[in-house]
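Working notes, beginning with the structure itself.
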DNA sequence: AGGACATCGAACCGATCGGTACCATCGGAC
DNA sequence: GTCCGATGGTACCGATCGGTTCGATGTCCT
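Protein chains in written order, with the UniProt record's numbering: chain A, 1 to 211; chain B, 1 to 211.
Okay, here's the thing in structure tokens:
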């Protein structure tokens, strides 16, 4: 009886069920677009159960976004790792993965960014800041291995491309966005790796690492 | 009596007052973060007046965002025009202007994008799509004058940088974001203007114009 | 003076919000 | 069989939501 207790009446299972439904609904409807009652109805649980597991709607939002941040981070790391040792290949693989995501039906931008932008205080913004830190870790590694003069700066420029791509693909249309942004990221990587001395001086100046 | 009727009791004045307050409040609190009653209180008008002018909260949101889109578009066009004839200077001036905006106290990202992301239907998304079209117009002109192989593609890549920069500056911190993104945009411009044949093939492939 | 128009303030509407309390029920451990 | 923890269902709370209506007040134009 260490693990795998009964099939039904499993608190962990219930929690997962709520989280899964909340992930879908909060993404589709927005943080304020659905009430706790509606959430419970779609998850097939009672309000009391939801509040026992998450304490408040805010708690549910935090747990949902943190789980999502974990999944996305893992997903991108694996995409990069599977692309072999070349930094440019890894970066290309990351943006290939993102491009596939943008093209999925029901894509509405980055759930974490969307949530963070709806309330300027609360859990969502903290999760979003941490989420971007994680992206930066991955990108700085790639930038450093590519020999970028300023890996931190290049990583941040590519992060801007990632976040911007989600917004543009969502609000302005997906067509070509994935490929175009992939090429832009690779161009920045090339320009930075080509050395501080390009045909016209380096592409990135010395700036703070920020945040 | 053709124009400039009385000083007080001027419907156009009242409308402007409501719009101005709505611009601030909807940006600070979010679309769902404030009720019509609160809006009226801050604007010093009655609900009846607001509804007579805008018909509904949605109508107020649309009018507010459209006015904002007009102002931002004009602002960026003037920044570019004031920078002289060189495309690279114009692009640099646009991103300088944006960098200044990110650093302003109370900056919370692009109001139009933020609004559009909160509801997946409604006026905000239409305004946002049109807003980006206007940005694209400006950027394509610069790209074309710079001799970019594919001005439309380059413009879209730079648009992604613009929108991403606002998100990152808002959620991850402003430090350096403005300069870094400015340099990234200029690097893309250089890479694209250097000719389709770089050291490693062009930076942008043939893709649909999107949307 | 008079009428048309604009506005305020407040009451009011039904619906929904996040959150709590209570109780019957049911599965699993012993 | 017996008890306990997890649960569903439901009613309920005060607050707020977007939107409507009405009457009193005031300003303009003629």
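All C-beta atoms in this analysis are idealised placements derived from N, C-alpha and C, irrespective of residue type, glycine included.
So, for residue i: in the same chain, excluding its five sequence neighbours on each side, which residues have a beta-carbon less than 8 Å away from its beta-carbon?
{"i": "residue 171 of chain A", "result": "109"}
{"i": "residue 9 of chain A", "result": "none"}
{"i": "residue 32 of chain B", "result": "118"}
{"i": "residue 82 of chain B", "result": "93"}
{"i": "residue 68 of chain A", "result": "23, 111 and 112"}
{"i": "residue 190 of chain A", "result": "88"}
{"i": "residue 184 of chain B", "result": "161"}
{"i": "residue 144 of chain B", "result": "151"}
Is there a C-beta anywhere in chain B that falls below 8 Å from the one on residue i?
{"i": "residue 108 of chain A", "result": "yes"}
{"i": "residue 188 of chain A", "result": "yes"}
{"i": "residue 94 of chain A", "result": "no"}
{"i": "residue 21 of chain A", "result": "no"}
{"i": "residue 113 of chain A", "result": "yes"}
{"i": "residue 62 of chain A", "result": "no"}
Out of the options, which has the shortest C-alpha to C-alpha gap to residue i?
{"i": "residue 176 of chain B", "options": "B:150, B:16, B:95 and B:52", "result": "B:95"}
{"i": "residue 65 of chain B", "options": "B:159, B:129, B:168 and B:151", "result": "B:129"}
{"i": "residue 20 of chain B", "options": "B:63, B:164, B:90 and B:9", "result": "B:63"}
{"i": "residue 14 of chain B", "options": "B:43, B:116, B:150 and B:72", "result": "B:43"}
{"i": "residue 163 of chain B", "options": "B:101, B:74 and B:106", "result": "B:101"}
{"i": "residue 29 of chain A", "options": "B:121, B:167, B:127 and B:17", "result": "B:121"}
{"i": "residue 103 of chain A", "options": "A:144, A:169 and A:54", "result": "A:169"}
{"i": "residue 54 of chain A", "options": "A:85, A:156, A:75 and A:16", "result": "A:16"}
{"i": "residue 56 of chain A", "options": "A:144, A:71, A:70 and A:18", "result": "A:18"}
Check whether the Cβ atoms of residue i and residue j sit closer than 8 Å, and answer yes or no.
{"i": "residue 188 of chain B", "j": "residue 142 of chain B", "result": "no"}
{"i": "residue 186 of chain A", "j": "residue 97 of chain A", "result": "no"}
{"i": "residue 136 of chain A", "j": "residue 80 of chain A", "result": "no"}
{"i": "residue 27 of chain B", "j": "residue 111 of chain B", "result": "yes"}
{"i": "residue 115 of chain B", "j": "residue 58 of chain B", "result": "no"}
{"i": "residue 134 of chain A", "j": "residue 73 of chain A", "result": "yes"}
{"i": "residue 174 of chain A", "j": "residue 161 of chain A", "result": "no"}
{"i": "residue 60 of chain B", "j": "residue 12 of chain B", "result": "no"}
{"i": "residue 277 of chain B", "j": "residue 127 of chain A", "result": "Not covered by the structure: residue 277 of chain B. The range shown for chain B is 1 to 211."}
Kindly indicate if chain A contains any beta-carbon less than 8 Å away from that of residue i.
{"i": "residue 30 of chain B", "result": "yes"}
{"i": "residue 117 of chain B", "result": "yes"}
{"i": "residue 34 of chain B", "result": "no"}
{"i": "residue 128 of chain B", "result": "yes"}
{"i": "residue 191 of chain B", "result": "yes"}
{"i": "residue 72 of chain B", "result": "no"}
{"i": "residue 120 of chain B", "result": "yes"}
{"i": "residue 134 of chain B", "result": "no"}
{"i": "residue 68 of chain B", "result": "no"}
{"i": "residue 125 of chain B", "result": "yes"}
For residue i, collect the residues of the same chain with a Cβ closer than 7 Å to its Cβ; drop the 5 residues on either side in sequence, then sort them by chain order.
{"i": "residue 40 of chain B", "result": "46, 47 and 50"}
{"i": "residue 132 of chain A", "result": "159"}
{"i": "residue 37 of chain A", "result": "47"}
{"i": "residue 25 of chain B", "result": "34, 39 and 42"}
{"i": "residue 76 of chain B", "result": "94, 97 and 138"}
{"i": "residue 106 of chain B", "result": "none"}
{"i": "residue 140 of chain A", "result": "151, 152 and 155"}
{"i": "residue 71 of chain A", "result": "none"}
Could you name the residues of the same chain whose beta carbon sits closer than 6 Å to that of residue i, not counting the 5 residues immediately before and after it, in chain order?
{"i": "residue 148 of chain B", "result": "154, 192 and 193"}
{"i": "residue 99 of chain A", "result": "178"}
{"i": "residue 90 of chain A", "result": "80, 83 and 142"}
I'd like to confirm something about residue i: is its beta-carbon nearer than 7 Å to some heavy atom of the ligand ADP, or not?
{"i": "residue 171 of chain A", "result": "Among the ligands in the structure shown, none appear at all, so the ligand ADP cannot be discussed."}
ask   = Looking at chain A, which residues of the stretch 141-167 of chain B have a Cβ within less than 8 Å of any of its Cβ atoms?
value = Considering only beta carbons, the part of the stretch 141-167 of chain B lying closer than 8 Å to chain A consists of 153, 156, 157, 159, 160, 161, 162, 163, 164, 165 and 167, in chain order.
Margin query: Which residues of the stretch 169-187 of chain A have a Cβ closer than 8 Å to any Cβ of chain B? Give them in chain order.
Written below: Residues 170, 171, 172, 173, 174, 175, 176, 177, 179, 180, 181, 183, 184, 186 and 187.
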